[in-house]
Each structure stands twice: as C-alpha cells, then as structure tokens.
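A.B. asks:
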Amino acid sequence: MTLKDVAAASGLSVGTVSDIVNRGLADRYAEATQKKVASLIAEMGYRPARAAQDLRRGRSFGVGVVMVHGFENPFYARLYGRLQAELLARGLTAELIVLASVEAGALREAAGRLSGRGVDGLVVGPVYPWDKAVLGELRALTASGLPVTPFGAIGHLPKVGGVAMDDDAGGAAAAGFLLARGHERIAFLGAYPPADARLGRGSVQQGFSRVLSEAGLQRKAWMLPCGDRSSYAESFEAADAFTRRWIDAPPAARPTAVLAKTDQIAIPLLSALHLRGVAVPGDVSVMGYDNVPESGYTVPALTTVDNGIDARCAAIAASTAERLGLGSGDPLPAPAAPRLIERASVRTLA
C-alpha cells in the first residue's frame with residue numbers, strides 16, 4: 002500500500018495527499034478533503050513511512066498509549082484497537098504499554114520507557130477516580146511539558162483534563178431501563194463496598210445506586226462483588242455464587258433482574274444461571290454493560306449499554322492531535338452518550 006494508491010482512491014493528486022499525510026500542511030485544504038484522506042488511510046490500511054520526516058522535523062509522530070487496566074476485560078482490547086485506528090487516521094502511530102499494576106511509580110516508569118522510544122506524547126487510560134497514584138503521576142507528567150491525553154471517568158477532575166467517559170450516566174440509564182420494565186428487586190453484580198473510594202463519580206455502580214435510591218428501592222437491591230481485573234473464570238465464580246444465593250432465597254426476596262458491571266461478568270452469569278436451571282429472562286432478567294461484540298451472540302442475546310467507544314476513541318485521538326499541534330483547530334468531537342441496546346435477556350414484568 003503506497004501513497005499513490007491512496008491518491009488514486011481519493012481522486013486527489015499525490016502532492017495533495019502527501020501535504021495532508023506527510024508534510025504537515027493539511028490546514029491548506031478543506032476539512033472535507035482532510036476527512037476524506039483520513040478515512041481512506043484507515044480503510045486501506047496505509048501506514049506512512051515516517052523515518053525521513055522524523056529526521057527532518059525532529060518528531061516521531063509516535064504516541065505512547067498506556068493502558069492502565071489490562072486486556073483481561075476484552076472491552077479494553079477493543080478500545081485500544083479502535084484508538085490505534087483513530088490515531089493512524091491522523092498520521093500518528095501507537096506504542097503500547099499495559100501497566101502491570103496501578104501502584105505508585107508504575108505510570109512514571111511506563112512514561113519513561115515510552116519517552117526513550119522517542120514518542121511525541123502520551124495517551125493514558127482508562128483512569129478512574131480511585132486510581133490515586135496514577136492521577137498524581139498524570140499531574141506530574143502534564144506539568145513536565147509532555148503532551149498527555151488522559152481518558153476515563155475524569156469529568157469531575159478539571160485539573161486533569163482529557164476525555165471523560167461517563168459511566169455514571171450509563172449506570173443510571175440501565176437502572177432506569179429496568180425500573181421502566183417493572184423490576185423493583187434488582188441486583189448489581191460487580192459492586193464495591195459502600196466505604197470504597199471507587200464509588201466516586203463516574204462509576205456504573207454510582208449511577209445505578211442513585212436511581213434506585215431516588216425510587217426508594219436501594220434497600221431491596223443485592224450489591225454483590227466481583228474482582229477488579231476479573232478473568233472470565235473469576236467472573237463465572239462470582240456469577241455462580243449469585244446464582245446459588247438466588248436459588249436459596251425465598252421467591253419473594255429474589256431479584257427479578259441483575260445488572261452486571263461489565264459484559265464480561267454478564268456473559269458468565271448467563272452460563273451460571275443456565276447450568277443451575279434458572280431461566281433467562283423467564284425467572285430473572287440479565288443486563289450487561291459495554292456492548293462487547295460477543296454480547297449479541299449469547300443465548301439469549303444480552304441486553305446491555307453501549308458506552309460510545311467509537312466516538313470516545315475519535316475524541317481521544319483528536320485531542321491528542323491537537324496537543325501535538327497537528328489538529329484542525331475545530332472543536333473536538335463530543336463523546337457519545339451511553340446508549341441502551343435492548344435484546345432478549347430482559348423481560349417486562351406484568
């Protein structure tokens with residue numbers, strides 16, 4: 002795949018495409034032309050050869066991407082894939098590091114390794130209010146002058162900046178959806194203890210609990226834990242524990258619906274319930290969060306919340322390009338609001 006191929010597909014001259022992709026002269030052309038070229042680059046898989054430009058400009062056009070939470074949850078792997086594509090569409094290549102922990106020093110070490118590879122800036126996330134060490138090191142990195150774009154549940158942390166991912170709104174939307182379908186005894190699988198700092202703004206659980214409290218139903222809710230970095234096996238263990246508790250409970254006390262904090266928890270829950278003879282949605286409704294691709298292929302197909310991963314990644318990449326002086330100067334795209342995906346795993350109570 003060459004620059005000539007992109008030019009031929011776009012109907013533009015090689016010089017025009019080169020101006021936009023290689024020479025940093027995109028602002029000479031209409032926004033529609035820039036978007037057309039960026040779209041074709043992503044679609045055709047063109048990878049700009051940067052070595053010569055790097056030597057001339059003293060820039061790598063590389064961006065270090067630090068994934069704070071690993072790929073045990075497939076949502077994060079999908080997020081990185083989309084982010085990598087959005088960066089490439091803007092002429093930027095991604096250098097990935099996945100943090101082994103969120104302890105003090107982990108982000109600083111990762112940033113140092115990426116700086117050693119000559120990256121021009123960093124993207125760091127997903128960051129949550131409870132990632133205290135990461136947040137502190139983010140502030141220090143930003144103060145150092147290195148362009149940093151954080152993303153995550155950081156909308157209420159203006160000093161951090163970056164792109165907010167509003168999971169609080171998604172949790173609230175999910176709770177409202179279940180209430181509207183007649184469910185009043187609802188379980189939340191993947192909960193943190195009430196005193197845990199992770200219940201700060203921005204969490205699915207926070208939005209869920211707020212809506213139930215406003216409806217006077219929080220006391221009826223089962224709030225059950227699941228690990229932070231759960232594998233599918235760990236998620237199944239928590240799901241089976243819920244199922245056994247549900248079976249042992251008096252029928253009048255059983256939740257009629259469950260909201261799982263992630264699809265990675267909801268999918269094993271469907272399996273655990275099936276293996277113990279509990280029908281979904283006949284006996285209990287199940288709802289997930291994230292809208293991972295496999296959620297549409299479970300039996301029954303999983304009702305979930307799509308938190309706008311494509312729009313979020315576009316906003317992160319656009320913000321990064323702006324910080325590196327490579328943006329169009331236009332307002333950054335707003336992340337999409339969480340969207341309910343209604344499938345077959347939730348029923349309406351009479």
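Numbered per my numbering, the sequence shown spans residues 2 to 351.
Heads up, the beta-carbon is just placed ideally off N, CA and C, and yes, glycines get one too.
Distance, Cα to Cα, R344 vs S286?
C.D. replies: Reading the sequence shown from its first residue, position 343 is the one you call residue 344. Reading the sequence shown from its first residue, position 285 is the one you call residue 286. Looking at the two C-alpha atoms, the distance is approximately 11 angstroms.
A.B. asks: Taking the alpha-carbon positions, what's the K37 to L271 distance?
C.D. replies: Mapped onto the sequence shown, residue 37 falls at position 36. Mapped onto the sequence shown, residue 271 falls at position 270. One C-alpha to the other measures close to 43 angstroms.
A.B. asks: Comparing C-alpha positions only, which one of S204, D132 and E295 sits nearest to L100?
C.D. replies: Here residue 100 refers to the residue found at position 99 of the sequence shown. The residue with the shortest Cα to Cα distance from L100 is D132.
A.B. asks: When we look at the beta-carbon of V281 and count the other beta-carbons within 10 Å, is it buried (16 or more) or exposed?
C.D. replies: Locating residue 281 in the sequence shown gives position 280, where the first residue counts as 1. The residue in question, V281, is buried, as its Cβ has 16 or more Cβ neighbours within 10 Å.
A.B. asks: Look up A8 in the DSSP assignment and say whether it is helix, strand or coil.
C.D. replies: Residue 8 sits at position 7 when you count from the first residue of the sequence shown. If DSSP states are grouped into helix, strand and coil, A8 belongs with the helices.
A.B. asks: Taking the alpha helix (DSSP H) that L270 falls in, what are its first and last residues?
C.D. replies: Stepping through the sequence shown from its first residue, residue 270 is reached at position 269. Looking at the DSSP string, the run of the alpha helix (DSSP H) that includes L270 is D264 to L276.
A.B. asks: Could you tell me which residues DSSP puts in a beta bridge with G1?
C.D. replies: No statement about residue 1 is possible, as the shown extent of the chain runs from 2 to 351 and does not include it.
A.B. asks: Going residue by residue through the stretch 144-230, where are the continuous beta strand (DSSP E) segments of at least 3 residues, counting only ones entirely within it?
C.D. replies: Counting whole runs of 3 or more residues, the stretch 144-230 contains the beta strand (DSSP E) stretches 149-153, 187-190 and 223-225.
A.B. asks: Out of curiosity, what's the CA-to-CA distance linking S145 and A112?
C.D. replies: Numbered from 1 along the sequence shown, position 144 holds the residue referred to as residue 145. Numbered from 1 along the sequence shown, position 111 holds the residue referred to as residue 112. Rounded to the nearest angstrom, the two C-alpha atoms are 12 angstroms apart.
A.B. asks: Whole-angstrom Cβ separation of E138 and L108, contact assumed at under 8 angstroms?
C.D. replies: One-based indexing of the sequence shown puts residue 138 at position 137. One-based indexing of the sequence shown puts residue 108 at position 107. Indeed they touch by this definition, with Cβ atoms about 4 angstroms apart.
A.B. asks: Is the distance from the Cβ of I342 to the Cβ of T299 below 9 angstroms?
C.D. replies: Within the sequence shown, numbered from 1, the residue matching residue 342 stands at position 341. Within the sequence shown, numbered from 1, the residue matching residue 299 stands at position 298. For I342 and T299, no; Cβs fall outside 9 angstroms.
A.B. asks: Please confirm if the stretch 247-261 is in contact with the stretch 174-187, defined as three or more CB-CB distances below 8 angstroms between the two stretches.
C.D. replies: The stretch 247-261 vs the stretch 174-187: in contact.
A.B. asks: Got a sec? Which residues, its chain only, sit under 7 angstroms from V205 by beta carbon, not counting five neighbours each side?
C.D. replies: As a working mapping, residue 205 is identified with position 204 in the sequence shown. Once the five neighbours on either side are set aside, the close Cβ partners of V205 are D168, G171, G172, K262 and Y290.
A.B. asks: Assuming T321 is part of the alpha helix (DSSP H), what are its boundary residues?
C.D. replies: The sequence position of residue 321 within the sequence shown is 320, counting from 1. Its alpha helix (DSSP H) spans residues I310 to R324.
A.B. asks: Using 9 angstroms as the limit for Cβ to Cβ distance, is R140 near chain B?
C.D. replies: The question asks about chain B, but that chain is absent: this structure has only one protein chain.
A.B. asks: Could you name the residues that DSSP lists as bridge partners for R340?
C.D. replies: In the sequence shown, residue 340 corresponds to position 339, counting from 1. Paired residue(s): D307.
A.B. asks: The beta strand (DSSP E) that contains S286, what's its start and end?
C.D. replies: Position 285 of the sequence shown holds residue 286. Where S286 is concerned, the enclosing beta strand (DSSP E) stretches over S286 to M288.
A.B. asks: In the DSSP assignment, what are the bridge partners of E96?
C.D. replies: Here residue 96 corresponds to residue number 95 of the sequence shown, with the count starting at 1. Note: E96 sits in a beta bridge opposite G65.
A.B. asks: Looking only at its chain, what residues have a beta carbon closer than 6 angstroms to the beta carbon of L274, apart from the 5 residues adjacent to it on each side?
C.D. replies: Reading the sequence shown from its first residue, position 273 is the one you call residue 274. Closer than 6 angstroms at the Cβ level, and outside the excluded window around L274, lie T244 and V281.
A.B. asks: Reducing DSSP to helix, strand and coil, say where V38 ends up.
C.D. replies: For the purposes of this step, residue 38 is taken as residue 37 along the sequence shown, with counting starting at 1. Correct three-state label for V38: helix.
A.B. asks: For the candidate residues L325, A337, D331 and S329, whose alpha-carbon lies nearest to that of L147?
C.D. replies: Position 146 of the sequence shown, counted from the first residue, corresponds to residue 147. Measuring from the Cα of L147, the nearest candidate turns out to be L325.
A.B. asks: Can you find the residues in the same chain that come closer than 8 angstroms, C-beta to C-beta, to A9, ignoring five residues on each side of it along the sequence?
C.D. replies: Indexing the sequence shown from 1 puts residue 9 at position 8. So the list is empty, once near-sequence residues are dropped.
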